Structure formats: C-alpha cells, structure tokens
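Going by the UniProt record's numbering, the sequence shown opens with residue 1, and the numbers climb by one from there.
To start, the structure itself, in structure tokens.
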Amino acid sequence: MCGIVGAVAQREVSGILLEGLRRLEYRGYDSAGMAIIDPSGDIQNRKRVGKVQILSEELLASPLQGRVGIAHTRWATHGQPSEINAHPHLSGDIALVHNGIIENHAELRLRLEKLGYVFLSQTDTETIVHLIHHYYKDQKNMMAALKLTIADLHGAYGLALINSAEPERILCARKGSPLVIGIGIGENFIASDQLALRQVTDRFVYLEEGDIAEITPDEYTIYNSEFEQVSREITQIDTAADSADKGNYRHFMLKEIYEQPSVIRRSLAGRLGSKKILMEAMGSRAAPILEKISSVQIVACGTSYHAGMVAKYWIEGLAGVPCRVEVASEFRYRKFKVQDNTLFVTISQSGETADTLAALKLAKTLGYSASLAVCNVAQSSLVRESDLYLMTEAGPEIGVASTKAFTTQLVALLFLTVALGRHHDISEAQEEEIVSALNSLPDLLTETLALNLDIKEMANAFADKHHALFLGRGAQWPVAMEGALKLKEISYIHAESYPAGELKHGPLALVDADMPVVAVAPNDLLLEKLKSNIEEVQARGGQLFVFSDKAAGFKAAKGMNIIELPHSSDVIAPIIYTVPLQLLSYHVAILKGTDVDQPRNLAKSVTVE
Ligand code: AGP
C-alpha cells in the first residue's frame, strides 16, 4: 500500500526517484509526488493525481534538481486521491512521505491546530510532518524531533523525511510498514521495497520494527526502539532475479501466468528427492517441531486465504491432521481456545499484509506450538517474525492480481502436507506418488498454457455480462473461489463462487442466460456429484463453461462450452485448474479494456488494516 523511495547522493536524484516510483507503482497508483532539496537549499516539490507517468510528464516540463529527495506513490486511505492529499507533505522546511495509518490523527490534528498549524490536506500524514516541525523548533535537531514525534504516534508507519535546514540526510522510521536501506558508493537510498532500488544497488539493510535511521551519502546509522545504535545484517540480492520488467508481454499478469511452469520447477528444485520430499529444505529446526504437531491453524487474506482453503483439504484428507483456515481480519479479533500442539501457519505473497502480521502477533501470545510462514519475500516482516518459513520462490509478483504466487503457495503447502503427514496418515508409497505428481507439474502446466487461444475465445462470452458464478467441489471449490476473485478483481464483473452442492440452496435462483456459470470439473471422485449440479444449471437455461479432462466425458453442446485440460493426478489438479481461470479473467479484462496490472481501488501489498 503506497510506495516510498528516497535518495541522498552526489549526483542528481530525480531520475533515481522516478524510476523507483515506477517500480513501486504496483503498490499504489492514485497519485504520486516528489520533493527535492534544490541547489539553493530550498525544498521543491511536484505532485500529480494519477499514475507515475503523469508525474514524469510534469517533471519533464518542470524538472526538479538536487541531490537529496524523497518520493511517494499513493493508495488513498484518508482523503480522496488529489494533489493536496498526495505526498510528500510539507511543514516549513520539512517534507515527509508516509505509508501506514496514524490512528490518533484526529486528536493530533486538534492539538496542532491549537498550536497554529493550518492543515491543507485530509490525510493522517500531514499531522506527522507538522508534529516534527513543532518539535524541531525547540530541538533544532531532526533526529531528536523525530524521536519525540513517533512517541506521539499510534498506528502504523514507514516514513522518510528531509529538512532543508539539515540537507544531505534523510531520516526514516518504521513500525508496521516495511522500509529498507539501499547501500551505494557515495550514495545511499531508502525505500518501502528493495525492488524500487534494484537499478542503483544490490545491497540492502532491512529495518526492523521500531527502528529509526539516518542516511547520508557516505553512511547510514540505525537505532532500535530503545534508541540504541544497532547494526543490521546486509543482504545482497541477486540482480538477475530482477523481474520488474514485462519483457515481451503486454502485462505483468500475463508474464506471471506464463512464468508458472518455470517458477514451480525452481520451487521444487532441492526440495524433492526421487521418492521423498527433502525435509532439510525446511531448515534443521523444522523436523523436531513438525513431528509433534497434531493440528494446524492457517490464517491469510485474499488469494493466500484461498491457498489455505485448498491446503485444508490436503492436510485433513491426505495427512490426517485437523486443520482450520480463517481470514486474518476475522481471526485477529476473535476469541477462541488453542488446542495443544497446534502449528500456526500464515500464508502471504508479500509478507507485509497488515492483518496477517497482526494475526501472527496475536498467535504468539496464545500458546501455539510454533509459527510457520509460507511466503514469497524472504526479507519480509512475516518471515522474520515466524519460527519457521517455507519460501514460495515465485520471484517478484508485480501484477496486483496474484497468479504465480498462488500456485507456488499451493506447491509449498503440499510440501508441508507431506511433512506433517509423515507423522500421521501419509505412507511411504503415498509420499512417492505425491513426489511423482509434483515432478510432473511443470510440464502439465505448460500443456495447460497451450490452451490459451481456446480460453481467449471463451472470454468473449463474458465481456458483456455483469455477473458470473464459479462452481467446484472438494479442493476445487477454493479454486473456483480464486477464479471468481480474479474475474472481479481485474474485469470488475461481479463473480461469486459456491461449492456446487450449495447451488440448489439459493444461488440457482440467479441462473439464466445472462449468468455464465463456470464449473471446475476434473475427473475425480466428486465428478458424478458435480455433473448433477451442472445438469441443474442446464435445465434452467444457464450458460456453462466447464474446465475438465477428456476422461470426464463432457460433450460440447448449445449452452455447454468445454475446455479439456491434460489429465493429472487428483492431488495436483487444484494447481493445474487454477491456470485456465487466470487466463479467462485476463482475456475478459482485455476485452473490457480495464487496467489489468493495476485494477482500480486496489494495491498489491495491503499494509494497512
Ligand atoms: C490477489 O489477487 C489479491 N490482490 C489479494 O487478495 C491478495 O492475495 C491479498 O491482499 C493478500 O496478500 P498477501 O498474499 O501479500 O498477504
């Protein structure tokens, strides 16, 4: 949610900041702004509503010059997207950018208004910059003013600020919203995601909760929440893994859909032996923890929650271990009892989702045996704060609609299922079957992607519709949920998903020729049940779009459209059947002309509650 980038260098920084904003735009894109200390020592800023490209055009017409600056791309929380509400916010000689939400902003605003501050925006952020300005008047020291300010803030923040009275430095602080320092030679940087800085450095220092830092061209200094100077590990990132580039694809989403065979191959490498999964891949601490686990609680949001729902079918059905799944925003405010020997599992692409992090924080106080994060970002807060982790290895996912993150989450969760099942219901022979199914997965996904043109053709039937229904049974129900989420997210068509057996308990009333019904129907144990549900739709004149395999025996007819997927083992079918639904939403969105990679009102990483 929102992106921050800052640079303090011995060269012009506006180009660096702009490229950083472009790379962060997937996090928020309703307005963008930049503030730079100019050669005469004044702060100059430019802000524009809309995408970073609009700010870039403004900077071309009216450039900013200087060697110290901060910039921001916004996803509105307090106040409409407008130039006034866009960051950086200014107070006297100070400019500030902020991610997160200040919960006591209304009370701080009143206090500052009484002190004579005039607010221009409706944002919570403006209270921070006035507060710093207020303390700076007495302290005459930015670090001291920042320290006093954050003591007054309730809520979440990742923030960075510059002051023309103390040029050549950027100050920053984090609590609940990520920040990373990028280390250069004679220049240093700050950003909310290292991706923003990959064009200037490959060395990063991740700030921890409560950290405050000061960066100058030659050094950076970090203090912890007790204001003790601390040193944090430097992480070197493989520059070849930089995927903030669409390549030859029209959209990041399409590129990421097509990357699935290769990222899954990568995520399997080193984790599978010829007949067994390699437990060592989970780290030496995992085995003694997992062998004692007798139940699992999964918590996640959005697409990651759907991955958790699929995992529930696997963990209970294959491993024989009771498993509960809940969306993080509910879990964090509910009262319940924790059973002994329960593993707390979070799933998150970004590892920065505020609700999921809050759920983990709560879980740590509740007596779970251990926490395990299934995550795509190794340096994320979620990974750092969990006892164990399983990385999904999908590489950076830029499209707001999650695709390769979901399928790699499923692979990791199947791995976890086997790791748990070894101590419960999974025999050596079953483990061997699962390993063999996983090994076949990349090629089956490639075969599935080859159906793209048929799916593109099918998309025509959806483009003028306002509603769609997605049906599945068993582990394919959450796949149907994910298909519906994808369609509504990027094509803005209202889509619902139901376990197909629920149809006659209500949603059947909606079925008519204007309501496309998608059925996820592999040839599995529930196929005959699903066929009866499909007949219920046909009998009411519903238009069916069935994803199945040859052996299931569906025949195309009027009102019955079929895409035949390659045959696979049941266990990996949810991963394979996800892909055509991703392609379907993509092509519908293209026909509708929506912004596929940055759909309206959404942001990639939801770091606010
Ligand atoms: C997926 O397409 C969504 N954009 C969204 O539901 C996402 O999965 C959710 O916000 C959770 O994000 P996370 O995986 O980074 O925690």
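Even for Gly, the Cβ is constructed at its ideal location relative to N, Cα and C.
All of these numbers come straight from a predicted model, not from anything done at the bench.
Exercise. Distance, Cα to Cα, Ser-436 vs Ser-274?
Worked result: Rounded to the nearest angstrom, the two C-alpha atoms are 8 Å apart.
* Considering only C-alpha positions, which residue in the set Pro-499, Glu-107 and Ala-509 is nearest to Ala-480? -> Sorting Pro-499, Glu-107 and Ala-509 by C-alpha distance to the C-alpha of Ala-480 places Pro-499 at the top.
Q.
What would DSSP say about Lys-47, mapped onto helix, strand or coil?
A. If DSSP states are grouped into helix, strand and coil, Lys-47 belongs with the strands.
- [ ] May I ask you to verify whether the segment 450 to 461 touches the segment 283 to 298, counting CB pairs closer than 8 Å and requiring at least 3?
- [x] Pairwise C-beta distances place the segment 450 to 461 out of contact with the segment 283 to 298, as fewer than three of them are shorter than 8 Å.
Problem - Cβ-heavy atom distance, Thr-356 to the ligand AGP, below 7 Å - result: The ligand AGP approaches Thr-356 closely enough that one of its heavy atoms is under 7 Å from the residue's Cβ.
Assuming Lys-246 is part of the beta strand (DSSP E), what are its boundary residues?
Note, Lys-246: premise wrong, no beta strand (DSSP E); not H, not E.
_So, for His-424: in the same chain, excluding its five sequence neighbours on each side, which residues have a beta-carbon less than 7 Å away from its beta-carbon?_
Non-local C-beta neighbours of His-424 in its own chain, meaning closer than 7 Å and more than five positions away in sequence, comprise Ala-319, Gly-320 and Val-321, ordered along the chain.
Worksheet item: Going by the C-beta, is Leu-197 closer than 7 Å to any heavy atom of the ligand AGP?
Response: No, the beta carbon of Leu-197 sits no closer than 7 Å to any heavy atom of the ligand AGP.
> Any idea what DSSP makes of Ile-190, helix, strand or coil?
Replying inline: Strand.
Would you say Glu-489 touches the ligand AGP, meaning its beta carbon is less than 7 Å from a heavy atom?
Correct: Glu-489 has its Cβ closer than 7 Å to the ligand AGP.
Among Gln-379, Ala-144 and Arg-473, which has the Cα closest to the Cα of Ala-521? Per the C-alpha coordinates, the member of Gln-379, Ala-144 and Arg-473 positioned closest to Ala-521 is Arg-473.
Note to self: Between which two residues does the alpha helix (DSSP H) holding Gln-260 run?
What the structure shows: Start and end: 260 to 268.
Problem - Where the beta strand (DSSP E) through Gly-472 begins and ends - result: Counting along the chain, Gly-472 sits inside the beta strand (DSSP E) bounded by residues 467 to 472.
Report task. State the Cα-Cα distance for the pair Gln-236 and Asn-224, rounded to the nearest angstrom. Result -> Distance from the CA of Gln-236 to the CA of Asn-224, rounded to the nearest whole angstrom, comes to 22 Å.
Point to revise | Terminal residues of the beta strand (DSSP E) in which Phe-547 lies | key: Its beta strand (DSSP E) spans residues 543 to 549.
Practice prompt. List the endpoints of the continuous alpha helix (DSSP H) containing Met-143.
Written response: Under the DSSP assignment, Met-143 falls in the alpha helix (DSSP H) whose first and last residues are 142 to 152.
Does the segment 120 to 135 come close enough to the segment 79 to 90 to have 3 or more Cβ pairs within less than 8 Å? In short, these stretches touch, since the Cβ pair count reaches three.
Just the Cα atoms here: how many angstroms apart are Cys-2 and Ile-434?
The alpha-carbon atoms of Cys-2 and Ile-434 are separated by roughly 40 Å.
**Asked** Do you know whose CA, among Val-118, Ile-576 and Pro-217, lies nearest Glu-12's CA?
**Response** For the residues Val-118, Ile-576 and Pro-217, the minimum Cα distance to Glu-12 belongs to Pro-217.
Run the CB neighbour count on His-587, radius 10 Å, all protein chains shown included, and call it buried at 16 or more, exposed below.
With a threshold of 16 other beta carbon atoms within 10 Å, His-587 meets it and is buried.
Touch test, the segment 250 to 258 against the segment 381 to 389, Cβ-Cβ under 8 Å, three pairs minimum:
No: fewer than three Cβ pairs fall under 8 Å.
Check: Hey, would you say the C-beta of Ala-412 is under 7 Å away from at least one heavy atom of the ligand AGP?
Finding: For the ligand AGP, not one heavy atom lies less than 7 Å from the Cβ of Ala-412.
I think Thr-403 touches Gln-582, with their Cβ atoms under 8 Å apart; what is that distance to the nearest whole Å?
Contact holds; Cβ gap of about 5 Å.
Quick one: is Asn-601 buried, meaning 16 or more other Cβ sit within 10 Å of its Cβ, or exposed? Label assigned to Asn-601: exposed.
- Check whether the Cβ of Gly-302 sits closer than 7 Å to any heavy atom of the ligand AGP, and report yes or no. Yes, the Cβ of Gly-302 comes within 7 Å of a heavy atom of the ligand AGP.
- Cα separation between Lys-276 and Glu-482? Computed Cα separation, rounded: 30 Å.
Could you check whether the Cβ of Lys-373 sits closer than 7 Å to any heavy atom belonging to the ligand AGP?
Here the sequence assigns Ala to residue 373, which means Lys is not the residue at that position. The answer is no for Ala-373.
### Any non-hydrogen atom of the ligand AGP within 7 Å of Thr-353 CB
Indeed, a heavy atom of the ligand AGP lies less than 7 Å from the Cβ.
For Gly-69, is the classification buried or exposed, using 16 other Cβ atoms within 10 angstroms of its Cβ as the cut-off for buried? With at least 16 other beta carbons inside 10 angstroms of its own, Gly-69 counts as buried.
### Query
If you follow the alpha helix (DSSP H) that Gln-339 is part of, which residue opens it and which one closes it?
Where Gln-339 is concerned, there is no enclosing alpha helix (DSSP H), given that its DSSP letter is neither H nor E.
### Expected contact under 8 Å - CB spacing of Leu-471 and Ala-519 to nearest Å
Going by Cβ atoms, the distance from Leu-471 to Ala-519 rounds to 5 Å, so yes, they are a contact pair.
**Study point:** Among Asn-163, His-505 and Tyr-305, the one whose alpha carbon lies nearest that of Asp-42
**Key:** Ranking the options by Cα distance to Asp-42, first place goes to Asn-163.
Test: Asp-464 CB closer than 8 Å to a CB of chain C:
Protein chain content of the structure displayed is limited to a single chain, and chain C is not contained in it.
Is the distance from the Cβ of Tyr-26 to the Cβ of Gly-100 below 8 Å? No. Outside cutoff.
Distance, Leu-413 Cα to Thr-125 Cα: Straight-line Cα distance between these residues: approximately 39 Å.
### Task
Return the first residue and the last residue of the alpha helix (DSSP H) that Tyr-305 is part of.
Counting along the chain, the unbroken alpha helix (DSSP H) around Tyr-305 starts and ends at 302 to 317.
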